[in-house]
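The structure appears right after this line, and notes come after that.
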Amino acid sequence: MKIAIPNKGRLKDPVLQFLYSVGVKGNFSDDRALIIPTNWEGVQLVMVRTEDIPSIVESGASEIGITGHDYVLESNADVEELIKLDFGKSKIVLAVPVSWNIDRVEEIKHEIRIATKYYNIAKQYLEKKNLKAKIVKISGAAEVMPSLGAADAIIDVMSTGTTLKLHGLKPIDVILESSAVVIANRNWVKSEEADKINLLLTMMKGALMARNKKMVFMNVPDDKLDKVISSLPAMLSPTLSKLARSDAWEVITVVDEDLLPEVIAKVKANGAMDIVVVDIEKVVK
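Residue numbering for the sequence shown follows full-length UniProt numbering, starting at 1 and increasing by one per position.
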């Protein structure tokens with residue numbers, strides 16, 4: 001089974017880190033290698049351009065891939081988005097020079113030139129907005145094109161907006177929001193690798209569910225148990241184990257990391273002792 005992943009760019013490192021959290025580790029014996037074996041028997045990583053991944057997966061050259069939702073839309077590839085990931089978040093925006101002193105796309109009254117690598121997304125957007133514009137298709141940095149005189153405005157990806165500001169541009173419309181996604185060939189369920197793909201998807205979902213969650217262990221005296229349990233969040237309900245030779249219980253639960261300080265304060269005030277917090281690798285349902 002082959003997994004197509006970015007060979008460079010802003011998604012490369014987050015994708016590798018995510019796969020590592022899933023348990024898939026590439027054996028990078030040579031940084032120049034394009035096909036990398038992994039610690040999973042029969043599973044290889046295919047290192048390719050992020051924008052090429054949808055077409056590669058559609059063709060069946062790789063059973064699954066991880067790329068940006070924006071590249072899936074741009075490619076028009078017939079693939080299935082299986083999992084939306086929690087990284088690689090960005091927006092595709094229409095940005096114009098600050099000197100235009102406009103805030104909405106409706107204020108553009110004349111025909112303009114728009115530089116973008118998202119030709120199909122731009123074309124659909126311009127038709128929807130009934131905006132007269134010539135698309136200048138590029139493959140490199142779009143934000144420099146207005147200052148070079150090659151275009152009047154751009155349609156490009158924006159993460160923080162800092163790069164746009166540095167080039168005297170500002171976004172006036174969000175075309176779409178994107179994040180990294182796991183994609184597969186439409187026929188993957190009928191493939192010989194279906195069982196292996198299903199297992200990988202299960203592990204991916206488990207790793208995502210474990211993000212920002214902590215396992216909390218605590219000892220609670222018998223007479224304090226009801227009060228402590230009432231103040232605990234849990235995926236279903238806390239796990240209880242009677243402690244040997246003691247009128248106390250071990251209580252185990254899962255807590256969102258953001259709620260952890262509040263939960264610890266409550267259970268401690270309600271009588272919990274010996275509180276231990278540990279990381280969770282995966283939550284498989």
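Glycine included, every Cβ here is placed at the ideal spot set by N, Cα and C. All of these numbers come straight from a predicted model, not from anything done at the bench.
What's the call for residue i, buried or exposed, on a 16-neighbour Cβ count within 10 Å?
i: residue 51; result: buried
i: residue 92; result: buried
i: residue 35; result: exposed
i: residue 2; result: buried
i: residue 180; result: buried
i: residue 156; result: buried
i: residue 159; result: exposed
i: residue 164; result: buried
i: residue 281; result: exposed
i: residue 20; result: exposed
i: residue 90; result: buried
i: residue 178; result: buried
i: residue 115; result: buried
i: residue 162; result: exposed
i: residue 74; result: buried
i: residue 195; result: exposed
i: residue 166; result: exposed
Going by beta-carbon coordinates alone, are residue i and residue j separated by less than 7 angstroms?
i: residue 151; j: residue 136; result: yes
i: residue 232; j: residue 173; result: no
i: residue 57; j: residue 212; result: no
i: residue 247; j: residue 222; result: yes
i: residue 187; j: residue 227; result: no
i: residue 276; j: residue 217; result: yes
i: residue 272; j: residue 189; result: no
i: residue 97; j: residue 54; result: no
i: residue 117; j: residue 138; result: yes
i: residue 154; j: residue 141; result: no
i: residue 40; j: residue 24; result: yes
i: residue 72; j: residue 4; result: no
Residue i and residue j look like a contact to me (Cβ under 8 angstroms); what is the Cβ gap, rounded to whole Å?
i: residue 83; j: residue 204; result: 6 angstroms
i: residue 88; j: residue 11; result: 5 angstroms
i: residue 206; j: residue 255; result: That pair is no contact at about 17 angstroms.
i: residue 133; j: residue 111; result: 6 angstroms
i: residue 251; j: residue 260; result: In fact, because the Cβ distance is near 15 angstroms, the residues do not count as touching under 8 angstroms.
i: residue 183; j: residue 79; result: 5 angstroms
i: residue 119; j: residue 175; result: So it is not a contact: roughly 13 angstroms between Cβ atoms.
i: residue 258; j: residue 214; result: Not a contact, Cβ separation roughly 10 angstroms.
Which ranges does the beta strand (DSSP E) cover as unbroken runs of at least 3 residues, wholly within the segment 186-214, from first to last along the chain? List check, beta strand (DSSP E) in window: nothing returned.
Continuous beta strand (DSSP E) assignments of at least 3 residues falling wholly in the UniProt domain "Histidine biosynthesis HisG C-terminal" (210-282): Counting only runs of 3 or more, we get 213-221, 239-242, 248-256 and 273-279.
Report yes or no: do three or more beta-carbon pairs, one from the segment 184-202 and one from the segment 61-72, lie closer than 8 angstroms? The answer is yes - the segment 61-72 touches the segment 184-202, with three or more Cβ pairs under 8 angstroms.
Write down every uninterrupted run of the alpha helix (DSSP H) in the segment 122-160 whose length is 4 residues or greater and which is fully enclosed by it, in chain order. As far as the segment 122-160 is concerned, its whole alpha helix (DSSP H) runs of at least 4 residues are 145-148.
At 4 residues or longer, and completely inside the segment 11-79: list those alpha helix (DSSP H) runs for me, N to C. The DSSP assignment places 12-22, 53-59 and 69-75 as complete runs of the alpha helix (DSSP H) inside the segment 11-79, in order along the chain (cut-off: 4 residues).
Whole runs of the beta strand (DSSP E) within the segment 77-116, excluding any shorter than 3 residues: 79-84, 90-97 and 112-116, all fully within the segment 77-116.
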